[in-house]
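Structure record follows, encoded as structure tokens.
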Amino acid sequence: MRRSARLLGVHRETVARKLRFLGIQARNLHSHFLESLRTNPIDHVQFDDMETFEHSKMKPLSISLAVTSGRKILAVEVSQMPAKGLLARRAVEKYGFRADHRL
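Counting from 7, one number per residue, gives the positions in the sequence shown under my numbering.
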């Protein structure tokens with residue numbers, strides 16, 4: 007946000023306010039879209055899954071998405087999962103056991 011403010015020649019707080027405003031607008035548009043699904047059902051849904059990490063590669067996360075064919079997001083779920091591979095043993099030693107909350 008600091009860099010955006012500098013490039014746009016505005017104060018950092020202006021960028022923060024605009025970001026909050028646009029977040030509220032996006033949330034409202036998305037809720038209207040979800041309400042419209044009651045009268046206009048969709049015929050195609052795509053599921054996608056990705057892995058990322060929180061703070062360290064020893065704390066992996068799984069992000070699951072359900073989207074329409076028009077790339078509108080229907081649902082998002084973030085789940086923690088245990089580390090795997092060469093990091094698994096070190097992750098348990100450092101952070102303890104992480105339950106697998108993926109579905």
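Think of the CB as a built atom: it goes at the ideal place given N, C-alpha and C, for glycine as much as any other residue.
(message) Please classify Pro47 as buried or exposed, where buried requires at least 16 other C-beta atoms within 10 Å of its C-beta.
(response) Pro47 sits exposed, since fewer than 16 C-beta atoms from the chains shown fall within 10 Å of its C-beta.
(request) Buried or exposed for Ala105, please, with buried defined as at least 16 other CB atoms from any protein chain shown within 10 angstroms of its CB. (result) In this structure Ala105 is exposed. Its beta-carbon is surrounded by fewer than 16 other beta-carbon atoms within 10 angstroms.
(request) Please confirm if the segment 59-71 is in contact with the segment 97-104, defined as three or more CB-CB distances below 8 Å between the two stretches. (result) Yes, since at least three Cβ pairs between the segment 59-71 and the segment 97-104 fall closer than 8 Å, the two stretches touch.
(message) Would you say the beta carbon of Ala97 is closer than 6 Å to some non-hydrogen atom of the ligand MG?
(response) The ligand MG is not among the ligands present in this structure, which contains no ligands whatsoever.
(message) Can you confirm whether the segment 15-29 touches the segment 38-53 when touching is taken to mean that 3 or more C-beta pairs between the two stretches lie within less than 8 Å?
(response) In the pairwise beta carbon analysis, the segment 38-53 is classified as not touching the segment 15-29: fewer than three pairs are separated by under 8 Å.
(message) Does Thr45 come out as helix, strand or coil in the three-state DSSP assignment?
(response) In the displayed model, Thr45 falls within coil according to three-state DSSP, outside both helix and strand.
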